[in-house]
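In the working numbering, the protein residues as written are 4 to 212. A virtual CB, placed ideally from N, CA and C, is assigned to each residue, including glycine. Only a predicted model underlies this, so the values are computations on that prediction, with no experimental measurement involved. Below is one structure, written out as structure tokens, with a few remarks after it.
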């Protein structure tokens, strides 16, 4: 179980670093793992639970492993930096970044939400037939109102891709004043099932406030 906790810590820290790089570092916007003031328009907050998953910090503390409180605090700090960076990337729009995990810290993901519109995800074109593949290695899959960017391990044409060959990069739902993404999906029960991740995006869309 300690190994699982360490894995979550590393993943959460990377989330913070990635958003810092994307947004150019923390700015002056106030916020935290549960919401961001930003500027212009109402704030935004992540729910306490989502689809049966709890906040990563709580899951880590409840696990009771040695040093879990310290690791949970590090996760919170990374989320705070990421929230500010996401807000900056959207011109100061209210934003929130929050990690979620199951009780065993084996399945996890990061929710990113911002009160701003986003374009649909871009995926480069691949001619799967020309390459002799059943599906492109990089694929945009639309499930209802959610777009999911997938990586597919090569499956020869004429064969049905197996669930274990599919990896969710991220899923997104966007509208005129809101973008919700789920990224950094960990655990095979989630990352190999885009329909489950898309369902979490829809739940988050209704739950953010």
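Original post:
Looking at residue 58 and residue 102, is the spacing between their C-beta atoms short of 8 Å?
Top reply: Taking the chain shown and counting its residues from 1, the one referred to as residue 102 is at position 99. Taking the chain shown and counting its residues from 1, the one referred to as residue 58 is at position 55. Contact flag set, yes.
**OP:** Please name the residue in 211, 209, 188 whose C-alpha comes closest to that of residue 111.
**Re:** Position 108 of the chain shown, counted from the first residue, corresponds to residue 111. Closest option to residue 111, Cα to Cα, is 188.
Subject >> Element boundaries [alpha helix (DSSP H), containing residue 115] >> reply: In the chain shown, the residue the question calls residue 115 occupies position 112. Element bounds for residue 115: not the alpha helix (DSSP H) but the beta strand (DSSP E), 111-117.
**OP:** Output the distance between the C-alpha atoms of residue 192 and residue 50, rounded to the nearest integer angstrom.
**Re:** If you number the chain shown from 1, residue 192 lands on position 189. If you number the chain shown from 1, residue 50 lands on position 47. Going by the C-alpha atoms only, they are around 22 Å apart.
Original post:
Quick one, which of 168, 140, 163, 149 has its alpha-carbon nearest residue 183's?
Top reply: Stepping through the chain shown from its first residue, residue 183 is reached at position 180. It is 149 whose Cα lies nearest to the Cα of residue 183.
Subject >> Three-way DSSP call (helix, strand, coil) for residue 77 in this model >> reply: Residue numbering aside, residue 77 sits at position 74 when the chain shown is read from its first letter. Residue 77 falls in the helix class under three-state DSSP.
**OP:** Have a look at the DSSP bridge pairing and note the partners of residue 159.
**Re:** Within the chain shown, numbered from 1, the residue matching residue 159 stands at position 156. In the DSSP output, where bridge partners are listed per residue, residue 159 has 136.
Subject >> Contacts around residue 170, its chain only, beta-carbon distance under 6 Å, and the 5 residues preceding and following it disregarded >> reply: Position 167 of the chain shown, counted from the first residue, corresponds to residue 170. Taken in chain order, the residues that qualify are 154, 194.
Original post:
Taking the C-alpha atoms as reference points, what is the distance between residue 147 and residue 69?
Top reply: The residue given as residue 147 occupies position 144 in the chain shown. The residue given as residue 69 occupies position 66 in the chain shown. Taking the straight line joining both Cα atoms gives about 43 Å.
Subject >> contact_flag[the stretch 88-95, the stretch 163-179] where n(CB pairs < 8 Å) is 3 or more >> reply: no
**OP:** Tell me whether residue 82 is buried or exposed, calling it buried when 16 or more other Cβ atoms sit within 10 Å of its Cβ.
**Re:** As a first step, residue 82 is located in the chain shown; it is residue number 79 there, counting from the start. When all chains shown are included, residue 82 counts as buried.
Subject >> Cutoff 7 Å; reference residue 141; Cβ partners in own chain excluding five residues on either side >> reply: As a first step, residue 141 must be located in the chain shown, where it is residue number 138. Hits under 7 Å: 126, 127, 129, 154.
**OP:** Assuming residue 131 contacts residue 139 (C-beta within less than 8 Å), just tell me the rounded distance between them.
**Re:** Working through the chain shown from its first residue, we reach residue 131 at position 128. Working through the chain shown from its first residue, we reach residue 139 at position 136. Indeed they touch by this definition, with Cβ atoms about 5 Å apart.
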